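Structure first, then comments.
In the working numbering, the protein residues as written are 141 to 579.
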């Protein structure tokens with residue numbers, strides 16, 4: 141059996157192990173080590189190769205961004221910054237029909253700029269926004285679907301853990317990935333608000349319990365001074381992190397450290413942090429970070445095994461032979477990601493697909509930063525598609541209401557998947573939308 145055939149068989153074995161329930165990290169590192177052993181026919185080399193991947197896979201200073209941004213996101217989540225952001229957006233948009241839905245999207249977009257985790261956004265705004273929207277006359281389907289749909293902005297608007305993972309796997313600048321995500325994130329957020337406005341004007345019965353009632357009827361105004369006070373913490377963090385990254389004053393790792401320190405100061409000033417909470421935040425940050433770093437070690441070994449087997453080159457030659465062209469390959473790659481999104485989480489998809497797709501995309505002339513943004517949008521769409529749809533399940537679990545069926549939330553999030561699909565198409569065919577800020 142030649143090495144390429146063996147490589148494809150190992151990919152199939154790895155996917156089968158994941159479907160059977162073996163953790164993604166163990167599946168990757170197991171198939172990677174066995175692959176090296178079978179390709180080189182030397183078990184000692186396989187063990188040494190695995191040890192080398194374990195050491196070199198995360199030794200770079202850059203990997204400190206992961207625990208720092210995780211810590212920052214957790215500190216921001218317990219500081220009620222998300223609640224205040226939603227209340228300010230609610231007050232600003234109260235006179236627009238569908239304004240509370242738009243406020244949820246706007247608050248999620250701003251919150252995304254300091255957390256970088258979609259699941260955190262979904263959990264926070266399920267508690268904050270869904271009860272308010274239902275109280276003001278929105279249907280549960282639309283309210284829950286809006287929170288789930290707009291939560292995906294957490295992985296697109298920088299800083300983003302998915303961008304860090306992609307940058308590591310494809311060996312591109314994480315700082316440039318962060319900056320490249322700004323315009324696509326804004327485009328999708330604007331698309332969401334236009335879609336909500338369209339529904340509110342044309343099909344109000346789809347989002348309101350009483351289509352004749354305005355959701356601004358009983359939303360009290362907020363004094364300007366209160367708006368400013370509630371906006372200052374989130375604005376400071378956004379300017380601090382994105383401003384430092386965009387100007388080049390901070391590296392991504394330094395931005396993570398400064399952001400975490402800023403989030404800690406905000407939590408202390410607001411008196412939302414005591415020793416038990418701080419210990420719980422540190423412990424959770426450690427668990428999340430260790431899980432991600434272990435996955436990156438496993439992905440490093442898996443990627444090296446694929447390269448050793450010649451799988452990326454073989455796929456590239458096959459695509460070229462089919463005559464699909466660069467965009468034909470991109471379409472096929474996105475379709476595979478969307479299908480995988482139905483059964484796997486976003487990080488797992490990146491760990492499996494980027495080591496295969498990035499070398500081929502580079503050989504076909506794609507800018508890997510542009511390719512990364514397209515990949516991440518496609519992966520994020522998977523967070524809203526059944527049967528896996530982890531953002532939808534997060535909203536369901538956080539609501540804790542047995543009367544709200546999971547099918548209801550999936551149905552409410554589908555318009556957001558459509559908007560993301562349209563945005564993905566335009567971002568794919570117009571690369572400057574994702575690369576103009578990094579030139």
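Beta carbons are placed, not taken as given, at the ideal position from N, Cα and C, and that holds for glycine. Given the structure is predicted, the values throughout are model-derived calculations rather than measurements.
If residue i and residue j are in contact, beta carbons under 8 Å, what's the gap, nearest whole angstrom?
i	j	result
residue 562	residue 284	Contact flag wrong, Cβ pair sits at about 22 Å.
residue 252	residue 225	Not confirmed; about 10 Å, so no contact.
residue 493	residue 466	Wrong, their Cβ atoms sit about 17 Å apart, outside the cutoff.
residue 553	residue 288	4 Å
residue 496	residue 567	Not really, about 21 Å apart at Cβ, beyond 8 Å.
residue 328	residue 293	7 Å
residue 172	residue 445	4 Å
residue 463	residue 205	With 8 Å as the limit, residue 463 and residue 205 do not qualify as a contact, their Cβ atoms being about 40 Å apart.
residue 310	residue 498	4 Å
residue 347	residue 279	6 Å
residue 249	residue 230	Not confirmed; about 14 Å, so no contact.
residue 218	residue 412	6 Å
residue 479	residue 435	About 21 Å; that fails the 8 Å criterion.
residue 373	residue 268	Not a contact, Cβ separation roughly 15 Å.
residue 164	residue 488	4 Å
residue 592	residue 169	Residue 592 is absent from the structure shown; the chain starts at 141 and stops at 579.
residue 232	residue 276	Actually they do not touch by this definition, with Cβ atoms about 15 Å apart.
Can you tell me whether residue i is buried or exposed, with buried defined as 16 or more other CB within 10 angstroms of its CB?
i	result
residue 458	exposed
residue 542	exposed
residue 349	exposed
residue 182	exposed
residue 160	exposed
residue 316	buried
residue 341	exposed
residue 273	buried
residue 482	exposed
residue 370	buried
residue 365	exposed
residue 383	exposed
residue 388	exposed
residue 473	buried
residue 468	exposed
residue 430	exposed
residue 565	exposed
residue 158	buried
residue 166	exposed
residue 461	exposed
residue 427	exposed
residue 403	buried
residue 188	exposed
Which residues in the same chain have their Cβ closer than 8 Å to the Cβ of residue i, if we skip the five residues on either side of it in sequence?
i	result
residue 576	323
residue 581	Summary: the structure shown does not reach residue 581, with the chain confined to residues 141 through 579, and so no result is reported for it.
residue 266	284, 287, 534, 535, 538, 539
residue 320	509, 510, 512, 513, 574, 575, 577, 578
residue 556	285, 286, 288, 289, 290, 292, 332, 335, 524
residue 476	493
residue 470	501, 506, 511, 514, 568
residue 399	208, 209, 212, 254, 299, 377, 380, 381
residue 425	207, 210, 211, 214
residue 423	none
residue 186	173, 174, 176, 177, 180
residue 153	171
residue 544	280, 284, 536
Return the chain-ordered list of same chain residues with a C-beta closer than 7 Å to the C-beta of residue i, the five sequence neighbours on each side being excluded.
i	result
residue 270	283, 284, 287, 539
residue 194	437
residue 452	446, 496, 499, 500
residue 519	302, 477, 481, 486, 489, 490
residue 312	508, 509, 512
In the DSSP assignment, find the unbroken alpha helix (DSSP H) run with residue i in it and report its ends.
i	result
residue 572	572 to 575
residue 547	546 to 569
residue 338	322 to 342
residue 362	Neither: residue 362 is in no alpha helix (DSSP H) and is coded neither H nor E.
residue 387	384 to 387
residue 217	205 to 217
residue 394	392 to 409
residue 346	From DSSP, residue 346 is part of no alpha helix (DSSP H); its letter is neither H nor E.
Within the same chain, show all residues whose beta-carbon is closer than 6 Å to that of residue i, passing over the 5 residues directly before and after it, in chain order.
i	result
residue 526	550
residue 307	314, 317
residue 228	367, 370, 371
residue 454	144
residue 238	336, 337, 340
residue 385	315, 318, 395
Using only the heavy atoms of the ligand PLP, determine whether one of them is closer than 7 Å to the beta carbon of residue i.
i	result
residue 480	This structure simply doesn't include the ligand PLP, nor any ligand for that matter.
Return the chain-ordered ranges of every beta strand (DSSP E) run that is complete within the region 144 to 171 and spans a minimum of 3 residues.
none
Could you give the uninterrupted runs of the alpha helix (DSSP H) lying entirely in the region 232 to 276, keeping only those of 4 residues or more?
239 to 255, 258 to 275
Contained alpha helix (DSSP H) runs [length at least 4] in the region 474 to 520, N- to C-terminal order
486 to 503
For the region 416 to 477, which segments carrying the alpha helix (DSSP H) assignment without a break, of at least 4 residues, lie completely within its bounds, in sequence order?
451 to 462
Write down every uninterrupted run of the alpha helix (DSSP H) in the region 276 to 305 whose length is 4 residues or greater and which is fully enclosed by it, in chain order.
280 to 291
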